[in-house]
DNA sequence: AATCCCAATTGGTCGGACCAATTGGGCGGC
DNA sequence: GCCGCCCAATTGGTCCGACCAATTGGGATT
């Protein structure tokens, strides 16, 4: 009998969701302090350890900031200094921050990959491209395809720092902001742009790869910006 | 005199980088189990709590999988299944790779910081600069000063992805290669370049900040290249 | 030989303790 | 009365010890 057991939910995951819900509902507003650990233990009925593991995650997601001796604070969203912004904007802000980082990174990585790629890397890129042509219907598959392509691309740079960074950012995207790929529905554009990047790399054209990659991420960025603006209250 | 330390690195962050280094160096291979918590506590000399917070992060980054009752395992990356994963030692090559990543990142971060910095960020930058003027004698202090400056600079971008990236890459430097800073002895150049970046940010001059940052990192890159070449075989 | 059972191992959770940084209020000096 | 210093309370960071649940492997039983 195959073991179908689903992974049990850890307590810290529940806490993460509860805090995220508190932020989304407006109970915790941007810049405001989160109740201290010792009080939350009581309110949520969990131990301090679980609480702290949850906050480690929330920090990494860019939702919470911890300051020893002071407290934890809901991070301020983008730009909007003036008060009363939609609480929902916080997670949206995190998504846009992710994309802004990629606007810088992706073209540079593509250029470096074009310079450094070996034949084995090209083969693997080709394989990823053809493998994902048919499997981009569901948002989850699009996310996976995008991740696969960019990871293989990054590994072609043979720079472990880039690889670490890409793994990290994409995992952040896929772990918690899977909403992104339901907003990005144009699979043909995805495939075509990836193809374009691949061809530039095939020709060892660093500048071309950077340009294609830049167009790719700029389109995604604009699309997300518009989609998130539309969703507003 | 007050301790000028601007920021202390959390223990779990160091653990995260040590584990990442173990994976990158090939000491821990994909699919293989990570040593159990109770043994790692001893090996790394940290408490189980810090260890567990580190693994929460490594899980979120997709590097580790935890299975209760069994153990923790290095997750298989999607790009590199074909075996032959050339695990390189984290040595001189890694230093240069780190610097190549910074050649791309630092100017972009400086430019973004120039656009986004608020008065509080400028104050903190000034404080870091003046605090480190006198404390760059020992290599370890130079490393700390460089880290502090770049971290505060990055936090001025108010982009948590950049902050995460910088924390990780710099911690990687300091954990495994404080040797870098014994090769970089020109403390006046360091200070002057940091000062220059600061002034560009003060004027909200994105392009200027990027140029200064680029000069800074290029000098470091060249210096390291020469130093490592001299040390060579 | 096959099966069952139990003890050891491992991650998950809890509670308590202490440290370091920050903060705010009260006390003392002016 | 005002200013400044100091201390106690608060808060996150770290460590330690304990117990639970799931898994595993080997030995005892059948």
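Residue numbers (the working numbering), protein chains in the order written: chain A, 7 to 239; chain B, 7 to 239. Heads up, the beta-carbon is just placed ideally off N, CA and C, and yes, glycines get one too.
Query raised in the report: What separation, rounded to the nearest whole angstrom, lies between the Cα atoms of residue 133/A and residue 223/A?
Result: Within the first chain, residue 133/A is the residue found at index 127, counting from 1. Within the first chain, residue 223/A is the residue found at index 217, counting from 1. The C-alpha of residue 133/A lies about 22 Å from the C-alpha of residue 223/A.
Requested in this report: Identify every run of the beta strand (DSSP E) within the region 165-204 of chain A, keeping only runs that are complete inside it and at least 3 residues long; order them along the chain.
Outcome: none
Query raised in the report: Which same chain residues, not among the five before or five after residue 212/B, have their C-beta less than 6 Å away from its C-beta?
Result: The residue you call residue 212/B lines up with position 206 of the second chain. For residue 212/B, where only same-chain residues beyond five positions count, the Cβ hits under 6 Å are 117, 120, 121.
Requested in this report: For the region 42-61 of chain A, enumerate the residues whose C-beta is nearer than 8 Å to any C-beta of chain B, in chain order.
Outcome: Taking 8 Å as the Cβ-Cβ cut-off against chain B, the residues of the region 42-61 of chain A that qualify are 55, 58, 59.
Requested in this report: Answer yes or no: do residue 203/A and residue 215/A have a C-beta to C-beta separation smaller than 8 Å?
Outcome: Residue numbering aside, residue 203/A sits at position 197 when the first chain is read from its first letter. Residue numbering aside, residue 215/A sits at position 209 when the first chain is read from its first letter. Closer than 8 Å, so yes.
Query raised in the report: Since residue 63/B is in the beta strand (DSSP E), which residue starts that stretch and which ends it?
Result: Counting from 1 along the second chain, the entry for residue 63/B is found at position 57. First-last for residue 63/B: 54-66, but that is the alpha helix (DSSP H), not the beta strand (DSSP E).
Requested in this report: With distances taken Cα to Cα, identify the nearest neighbour of residue 25/B among 60/B, 44/B, 139/B.
Outcome: The count along the second chain starts at 1 and reaches residue 25/B at position 19. Residue 60/B is the option with its Cα nearest to residue 25/B.
Query raised in the report: From residue 20/A to residue 68/A, what distance separates their C-alpha atoms?
Result: Counting from 1 along the first chain, the entry for residue 20/A is found at position 14. Counting from 1 along the first chain, the entry for residue 68/A is found at position 62. Straight-line Cα distance between these residues: approximately 18 Å.
Query raised in the report: What is the DSSP secondary structure of residue 39/A, counted as helix, strand or coil?
Result: Numbered from its first residue, the first chain carries residue 39/A at position 33. Strand at residue 39/A.
Report task. Inspect the beta-carbon positions of residue 63/B and residue 17/B and report whether they are closer than 8 Å. Result -> In the second chain, counting from the first residue as 1, residue 63/B sits at position 57. In the second chain, counting from the first residue as 1, residue 17/B sits at position 11. Going by beta carbons, residue 63/B and residue 17/B fall outside the 8 Å limit.
Query raised in the report: When the Cβ atoms of the region 74-82 of chain B are set against those of the region 34-43 of chain B, are three or more pairs found closer than 8 Å?
Result: yes
Query raised in the report: Counting only runs that start and end within the region 72-150 of chain A, where is the alpha helix (DSSP H) found for 4 or more residues in a row?
Result: 95-122, 125-138
Query - Residue burial classification, residue 146/A (beta-carbon count within 10 angstroms, cutoff 16) - result: Residue 146/A sits at position 140 when you count from the first residue of the first chain. Counting Cβ neighbours within 10 Å, residue 146/A comes out exposed, since fewer than 16 surround it.
Query raised in the report: Beta-carbon separation of residue 109/B and residue 227/B under 8 Å?
Result: As a working mapping, residue 109/B is identified with position 103 in the second chain. As a working mapping, residue 227/B is identified with position 221 in the second chain. Taking 8 Å as the Cβ cut-off, residue 109/B and residue 227/B qualify as a contacting pair.
**Report entry** Among 56/B, 49/B, 168/B, the one whose alpha carbon lies nearest that of residue 102/A
**Finding:** By 1-based counting over the first chain, the position of residue 102/A is 96. Considering only alpha carbons, the answer is 168/B.
Query raised in the report: Around the Cβ of residue 173/A, are there at least 16 other Cβ atoms within 10 angstroms (buried) or fewer (exposed)?
Result: If you number the first chain from 1, residue 173/A lands on position 167. With 16 or more Cβ atoms within 10 Å of its Cβ, residue 173/A is classed as buried.
Requested in this report: Take residue 152/A as the anchor and find which of 33/A, 217/A, 198/A, 208/A has the nearest alpha-carbon.
Outcome: Reading the first chain from its first residue, position 146 is the one you call residue 152/A. Closest by alpha carbon: 198/A.
Requested in this report: Please look up how many angstroms separate the CB atoms of residue 15/B and residue 104/B, rounded, as I've assumed it's under 8 Å.
Outcome: Along the second chain, one-based indexing puts residue 15/B at 9. Along the second chain, one-based indexing puts residue 104/B at 98. That belief does not hold up - the Cβ atoms of residue 15/B and residue 104/B are roughly 17 Å apart, past 8 Å.
Query raised in the report: Mind pulling the chain A residues with CB within less than 8 Å of residue 26/B?
Result: Looking up residue 26/B in the second chain gives position 20. The answer, in chain order, is 170.
Requested in this report: Establish whether the CB of residue 128/B and some CB of chain A are separated by less than 8 Å.
Outcome: Locating residue 128/B in the second chain gives position 122, counting from the first residue. Judged by the 8 Å Cβ criterion, residue 128/B is not in contact with chain A.
Query raised in the report: What does residue 177/B reach in chain A if we use C-beta pairs closer than 7 Å?
Result: As a position in the second chain, residue 177/B is number 171, starting the count at 1. What residue 177/B touches in chain A: nothing, since even the nearest Cβ is about 11 Å away.
Query raised in the report: With C-beta atoms as the reference, is residue 235/A less than 8 Å away from residue 218/A?
Result: Looking up residue 235/A in the first chain gives position 229. Looking up residue 218/A in the first chain gives position 212. Cβ distance not < 8 Å, so residue 235/A and residue 218/A don't count as in contact.
Report task. Within its chain, find whatever has a CB closer than 6 Å to the CB of residue 127/A; leave out the 5 residues flanking it on each side and keep chain order. Result -> Residue 127/A sits at position 121 when you count from the first residue of the first chain. If you ignore the 5 residues before and after residue 127/A, its C-beta comes within less than 6 Å of the C-beta of 162, all in its own chain and listed in chain order.
Query - Element boundaries [alpha helix (DSSP H), containing residue 30/B] - result: Start at 1 with the first residue of the second chain, and residue 30/B comes out as number 24. In this chain, the alpha helix (DSSP H) harbouring residue 30/B covers 17-31.
Query - Below-8 Å beta-carbon distance, residue 302/A vs any chain B residue - result: Residue 302/A is absent from the structure shown; chain A starts at 7 and stops at 239.
Query raised in the report: Count the other CB atoms within 10 Å of the CB of residue 113/B; is the residue buried (16 or more) or exposed (fewer)?
Result: Mapped onto the second chain, residue 113/B falls at position 107. Counting Cβ neighbours within 10 Å, residue 113/B comes out buried, since at least 16 surround it.
Query - Delimiting residues of the alpha helix (DSSP H) encompassing residue 210/B - result: For this step, residue 210/B is matched to residue 204 along the second chain. Run containing residue 210/B: none; DSSP gives neither H nor E here.
Query raised in the report: chain A beta carbons: is any one of them nearer than 8 Å to that of residue 144/B?
Result: By 1-based counting over the second chain, the position of residue 144/B is 138. False, the Cβ-Cβ gap to chain A never drops below 8 Å.
**Report entry** Expected contact under 8 Å - CB spacing of residue 200/B and residue 135/B to nearest Å
**Finding:** Residue 200/B sits at position 194 when you count from the first residue of the second chain. Residue 135/B sits at position 129 when you count from the first residue of the second chain. That pair is a contact at about 6 Å.
**Report entry** residue 68/B at chain A interface by Cβ criterion, 8 Å
**Finding:** Taking the second chain and counting its residues from 1, one reaches residue 68/B at position 62. Taking Cβ atoms only, chain A reaches closer than 8 Å to residue 68/B, which makes this a yes.
**Report entry** Own chain, CB closer than 8 Å to residue 49/A, minus 5 neighbours either side, in chain order
**Finding:** Within the first chain, the letter at position 43 stands for residue 49/A. Once the five neighbours on either side are set aside, the close Cβ partners of residue 49/A are 41.
Report task. Have a look at the DSSP bridge pairing and note the partners of residue 70/B. Result -> By one-based count along the second chain, residue 70/B stands at place 64. Its beta-bridge partners are 80/B.
Requested in this report: Note down, in chain order, every chain A residue with its Cβ under 8 Å from the Cβ of residue 159/B.
Outcome: Taking the first residue of the second chain as 1, we reach residue 159/B at position 153. Going along chain A, no residue has its Cβ under 8 Å from residue 159/B, so there is no contact; the nearest lies around 15 Å.
Requested in this report: Rounded to whole angstroms, what's the CA-CA distance from residue 192/B to residue 225/B? Just pull it up for me.
Outcome: Position 186 of the second chain, counted from the start, is the residue given in the question as residue 192/B. Position 219 of the second chain, counted from the start, is the residue given in the question as residue 225/B. Taking the straight line joining both Cα atoms gives about 11 Å.
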